[in-house]
Amino acid sequence: MLQKAKDSGLEFLPEHEQLEILLFAVIPRGNTNGIAIDLIRRFGSIAGVITAQPGELTRIPGVGGRVAAFLNQLPDYLGIVQRSQMFGENKALVLETTEEMGNYAQTLFNHKETEAFYLISLSYSGRVIRFDKISEGDVDETAVYVRRIARCAIINEASDVILVHNHPSGKLVPSITDIQRTREIVENLRVLGVSVKDHIIVSGCAWMSMREDGMMSF
């Protein structure tokens, strides 16, 4: 199979064979063909497999906890690779434009099926200091803790921050709660001398900027 991928190109193989090769990494001495076929049959695609919950994956014969964890973490590794490419050789990334902020924010949510809220801390020059996960909830809601956001901004010595959360439902329209939370966070951070550059909402392969859409005029 590895030779077939080398000769034909991995991208041209059927999905079950692509998954079969991927499974070699954690099942080097087993027959991954049958497992790959069963996984694709159950979850529909590789995307369906890697976004499935570990408990669902382990119901497939041959898929243990280690294999399930490996598959479940692949979207996170994809985000790591994307951010690494953005940083480049200088190991420093400056986010200045809305497009740069949105593209960076999107790497935090590769195939994420639950709603989560992140804080990206920036230096005075706009350099990314780090990002922090503030909370993670269910498919359509997550708690947002203003005190924790403020604490992260202070610890990171941030001059500016970017708020980021996702809508797994597919809707890119901010809810009334989103707008109210943003206003509360902006007001609390302003007292600390920290400004909110934007609030980015991500859904699937798209994102929107609340500032660009005129929803942060406060």
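For the sequence shown, position 82 (counting from the first letter as 1) is numbered 312 according to the working numbering, and the numbering increases by one without interruption. The beta carbon of each residue, even a glycine, is placed where N, CA and C say it ideally should be. Since we're looking at a predicted model, the values are computed, not measured.
Quiz item: Which whole-angstrom value describes the C-beta separation of Leu352 and Val358, a residue pair presumed to lie in contact below a C-beta threshold of 8 Å?
Solution: Indeed they touch by this definition, with Cβ atoms about 6 Å apart.
Quiz item: Using the C-alpha atoms, what's the distance from Arg360 back to Ala388?
Solution: Their Cα atoms are separated by approximately 9 Å.
Self-check item: Beta-bridge partners of Met438, as assigned by DSSP
Solution: Ile431
Practice problem: Check whether the Cβ atoms of His395 and Ser433 sit closer than 8 Å, and answer yes or no. | Solution: no
Self-check item: Cβ-Cβ separation, Val376 to Ile415 (assumed contact under 8 Å), whole Å
Solution: Indeed they touch by this definition, with Cβ atoms about 6 Å apart.
Exercise. Using three-state DSSP, classify His246 as helix, strand or coil.
Key: helix
Self-check item: Span separating the alpha-carbon of Asn333 from that of Arg413
Solution: 23 Å
Exercise. Report the rounded CA-to-CA distance for Gln283 versus Asn302, giving the unit in angstroms.
Key: 7 Å
Quiz item: Roughly how far, in whole angstroms, is the beta-carbon of Glu245 from the beta-carbon of Ile276, given that I think they are within contact range, below 8 Å?
Solution: 5 Å
Quiz item: Could you give the residue range of the alpha helix (DSSP H) that holds Tyr375?
Solution: Note, Tyr375: premise wrong, no alpha helix (DSSP H); not H, not E.
Quiz item: What do you reckon, are the CB atoms on Leu402 and Met438 nearer than 8 Å?
Solution: yes
Exercise. May I ask which residues mark the beginning and end of the alpha helix (DSSP H) holding Asp340?
Key: It is Asn, not Asp, that sits at residue 340 in the sequence shown. Premise fails: Asn340 is in no alpha helix (DSSP H) and is neither H nor E.
Exercise. Between the Cα of Tyr354 and those of Ser447, Lys427 and Cys435, spot the shortest distance and give me the residue it belongs to.
Key: Lys427
Practice problem: Pick helix, strand or coil for Val311, following the three-state DSSP scheme. | Solution: helix
Quiz item: Which value, in whole angstroms, describes the spacing of the CA atoms of Val293 and Tyr307?
Solution: 20 Å
Quiz item: Do Ile430 and Met331 come within 8 Å of each other at the CB atom, strictly closer than that value?
Solution: yes
Quiz item: For Glu345, which of Gly400, Gln248 and Asn386 has the nearest alpha-carbon?
Solution: Gly400
Exercise. Measure how close the beta-carbons of His341 and Pro305 come, nearest whole angstrom, since I'm counting them as under 8 Å.
Key: In this structure, His341 and Pro305 form a Cβ contact; the two beta carbons are roughly 4 Å apart against a cut-off of 8 Å.
Exercise. Can you have a look at Ala299 and say buried or exposed, based on whether 16 or more other CB atoms are within 10 angstroms of its CB?
Key: exposed
Practice problem: Please report how far the alpha carbon of Ala335 lies from the alpha carbon of Ile379, in whole angstroms. | Solution: 17 Å
Quiz item: Is DSSP giving Leu323 helix, strand or coil here?
Solution: coil
Exercise. Measure the Cβ-Cβ separation of Gln312 and Thr337 and say whether it is below 8 Å.
Key: yes
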